[in-house]
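Peer 1: Here the sequence shown stands for residues -31 to -1, 1 to 516, where the numbers follow mature numbering (1 follows the signal peptide of the UniProt record, and there is no 0).
No residue lacks a Cβ here, since even glycine has one placed at the ideal position from N, Cα and C.
I am attaching a structure below and will ask some questions about it afterwards.
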Amino acid sequence: MMMEKFALRSRALLAGAAMSALLVGAAPAFAVTPADTLVEGFAIDDIISMDPGEAFELSTAEVTGNTYDLLVRLDLSDTSKVKPDLAESWTVSDDGLTYTFKLKPGLKFASGNPITAADVAYSFERAVKLDKSPAFIIDQFGISGDNVTEKAKAIDDTTFQFTVDKAYAPSFVLNCLSATVASVVDAKLVKEHVAAVTPSADYKWDNDFGNAWLKTGYAGSGAYKLREWRANEAVVMERNDNYHGEKAKLARVIYRNMKESSAQRLALEAGDIDVARNLEPNDLDAIAKNADLTTTSAPKGTVYYISLNQKNPNLAKPEVRQAFKYLVDYDALSSTILKGIGEIHQSFLPKGDLGAIDSNPFKLDVAKAKELLAKAGLADGFSVTMDVRTGQPTTGMAESIQQTLGQAGIKLEIIPGDGKQTLTKYRARNHDIYIGNWGQDYFDPNSNAQTFASNPDNSDAGKSHTLAWRNSWDIPDLTKETEAALLEKDAGKRADMYKDLQQKILDTSPFVIIHQQLEVAGLRKNLKGFALGPSFDSNFVGPVSKE
């Protein structure tokens, strides 16, 4: 019955049985997507909420990036910088603590309500007081539920002021304000939908700041407005004619939940969808050979790595740490398992970050690895385990590494598990070796430096659970350098500090960083203006049109 009701609503909404079929997954005969609609096959089953103060999943980031505005946004022409979005300009006080933003004139939400500095202040207040997963991005500036109304406030209708607790690098503060948690919501509209809450020890506010409503509702001002989200089925966005920038070229965008790469490829070939978003190498190859289709890709801020727990006495030897870096067949991985979906990248900062280096000094060199193992007193090798989340590309990578480690006498036992099993063990520091990925929480070098190069308290009771902590790597000097980089106001000097940190991680760390994720997409050749951005919230569909 629910599917039937959904189809009826969609039919009314999108004017035609063909579009209803696109939404619910049944392909009509002679399938073709409407000329004014972009239809994407996309694994969107990770979405749990559309509230920008709560959502922290990759698929939701893309929807939020297209439906909400920010004070500042990542500059796609130079991702080490930000550019104005709702803000027309900003200044930083001489003491480096107060950021003052002037809003552009005449701004409106999709609802028609004017956008004011009070909306910005309310957006910060609700994100901090809700205290959901992404709130830490704002909290880290000394902001709490008790002080947020003083630290993030409207001076007048067009002036917003944000006060931080330390004289951080301005690039760090501004990059964090380009994260989706800083999306500006329509305060008047949200307040019409707040639900009363009985304060408790865990939540001391008397309302939910519209969170229950915004899980499926919408109160933004982006190029598109959210029309409907049906969990594990579809997301529908419609053009926002009140948008302050260049209006979206298409009337609507539909994301159809499609998890399997092969199903996306077949739907793309048949014309049922315009874009396929979760393609594996074989399907990507097939699309590249089809004259009616094309492919595109973009590096994302996600790196794949293996890490060696320093509680294991063999893995704690510096020579062993370096030997592992010579026992990965990077070239073979690049041409097989990672073909089209990853590019070899051995430093912890992804390309595009301020200070990122493009240095890949390691290659498979068994002789070099054996020499290092001998220096460590392990010429005959040793046995060790690796926890691996089942699925690609991690399983294939682990099997390749198992084979190359064996060439140096290291016997690797692969322990497969689901995400919960492997992560629980990893977070408890009970692993030997872990293979996984790390994605940036916000587009700033600190997001990765803080986790790979900082460990303020290496005890089991330590509260800062960085990746260095998870692998029991005690690094007081690198931790101080990471903290110092946050306070360097000169962007050039700050970049140099991160370059130095990356080199030290390459030389000494228990991390074998293998590749940076490439996001790929297959698309119909009649699409114009489709491009993938450097972050998941910068895959903008407003410029897309059809011939």
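Buried or exposed, going by whether 16 or more other CB atoms sit within 10 Å of the CB of VAL89?
Peer 2: buried
Peer 1: On the CB-based measure, 16 or more other CB atoms within 10 Å of its CB, does SER507 come out buried or exposed?
Peer 2: buried
Peer 1: Going along the chain, which residues of its own chain have a beta-carbon closer than 6 Å to the beta-carbon of ALA500, five neighbours each way excluded?
Peer 2: none
Peer 1: What residue range does the alpha helix (DSSP H) around ALA292 cover?
Peer 2: 287 to 294
Peer 1: Compare the C-alpha of GLY10 against each of LYS160, LYS157, ALA239 and ALA267 and name the closest.
Peer 2: ALA239
Peer 1: Using the C-alpha atoms, what's the distance from PRO362 back to GLU382?
Peer 2: 18 Å
Peer 1: Where DSSP assigns a beta bridge to ASP356, which residues make up the other side?
Peer 2: ILE384 and TYR403
Peer 1: What residue ranges within the region 215 to 281 form continuous beta strand (DSSP E) runs of no fewer than 3 residues, ordered along the chain?
Peer 2: If we require 3 residues or more, the beta strand (DSSP E) runs fully inside the region 215 to 281 come out as 221 to 226 and 262 to 277.
Peer 1: Tell me whether the region 340 to 354 and the region 430 to 444 touch, counting them as touching only if at least three CB pairs, one residue from each stretch, are closer than 8 Å.
Peer 2: no
Peer 1: In its own chain, which residues sit with a C-beta less than 6 Å from the C-beta of SER113, not counting the 5 before and 5 after it?
Peer 2: none
Peer 1: With a cut-off of 8 Å, do at least 3 Cβ pairs link the region 24 to 36 to the region 178 to 196?
Peer 2: yes
Peer 1: Could you give the distance in angstroms between the alpha-carbon of ALA422 and the alpha-carbon of GLN315?
Peer 2: 14 Å
Peer 1: Taking just the CA atoms, how far does SER504 sit from ASN417?
Peer 2: 14 Å
Peer 1: Cα separation between LEU(-18) and SER140?
Peer 2: The predicted model places LEU(-18) with a pLDDT of 43, which falls under 50 and marks its position as unreliable; any figure quoted below should be read in that light. LEU(-18) and SER140: Cα-Cα distance of roughly 43 Å.
Peer 1: What does a CB cutoff of less than 7 Å around ALA96 pick up in its chain, not counting 5 residues either side in sequence?
Peer 2: GLY22, ALA104, ILE107 and VAL150
Peer 1: Since ILE402 and THR354 should fall inside the 8 Å C-beta cutoff, what is the C-beta to C-beta distance between them, to a whole number of angstroms?
Peer 2: The Cβ separation is near 7 Å, so the contact holds.
Peer 1: Is the CB-CB distance between ILE310 and LEU143 below 8 Å?
Peer 2: no
Peer 1: For SER303, which of HIS162, ALA165, ALA345 and LEU333 has the nearest alpha-carbon?
Peer 2: LEU333
Peer 1: Is there contact here, the region 405 to 419 with the region 318 to 325, by at least three beta-carbon pairs under 8 Å?
Peer 2: yes
Peer 1: Apply the 10 Å Cβ neighbour rule to GLY461 and answer buried if 16 or more other Cβ atoms are within range, or exposed otherwise.
Peer 2: exposed
Peer 1: Would you mind sorting ASP44 into buried or exposed? The rule is 16 or more other CB atoms within 10 Å of its CB.
Peer 2: exposed
Peer 1: Considering only C-alpha positions, which residue in the set ARG493, VAL489 and LEU456 is nearest to GLY65?
Peer 2: LEU456
Peer 1: CB ALA86 to CB ILE124, shorter than 8 Å?
Peer 2: yes
Peer 1: Determine the closest residue to PHE412 out of ALA12, ASP476, TRP182 and LYS320, with distance taken between C-alpha atoms.
Peer 2: LYS320
Peer 1: Taking only three categories from DSSP, how would you classify LYS71?
Peer 2: Collapsing the DSSP output to three states places LYS71 in a strand.
Peer 1: Ignore the nearest five residues each way along the sequence and tell me which others in residue 517's own chain have a CB closer than 6 Å to its CB.
Peer 2: No information on residue 517 is available, as it lies outside the stretch -31 to 516 that the chain covers here.
Peer 1: Please report the distance separating the alpha-carbon of CYS145 from that of GLN109.
Peer 2: Approximately 10 Å between the Cα atoms of the pair.
Peer 1: From ILE306 to GLU288, what distance separates their C-alpha atoms?
Peer 2: Going from the Cα of ILE306 to the Cα of GLU288 covers about 28 Å.
Peer 1: How far does the beta strand (DSSP E) with TYR193 in it reach, from first residue to last?
Peer 2: 193 to 199 is the extent of the beta strand (DSSP E) around TYR193.
Peer 1: Got a sec, what are the start and stop residues for the alpha helix (DSSP H) ILE474 sits in?
Peer 2: ILE474 -> alpha helix (DSSP H) spans 460 to 477.
Peer 1: By how many angstroms is the C-alpha of ILE483 removed from the C-alpha of ASP410?
Peer 2: 20 Å
Peer 1: Taking ILE242 as the reference, give the member of ILE223, GLU26 and SER514 with the closest Cα.
Peer 2: ILE223
Peer 1: How long is the line joining the alpha carbons of LEU55 and LEU347, rounded to whole angstroms?
Peer 2: 59 Å
Peer 1: Just the Cα atoms here: how many angstroms apart are LEU237 and ILE17?
Peer 2: 27 Å
Peer 1: According to DSSP, residue 553 sits in a beta bridge with which residue or residues?
Peer 2: The requested residue 553 does not occur in the structure, where the chain is confined to residues -31 to 516.
Peer 1: Closer than 7 Å by C-beta to GLY502: which residues in its own chain qualify, once you throw out the five before and the five after it? Chain order, please.
Peer 2: LEU45, ALA267, ASN508 and PHE509
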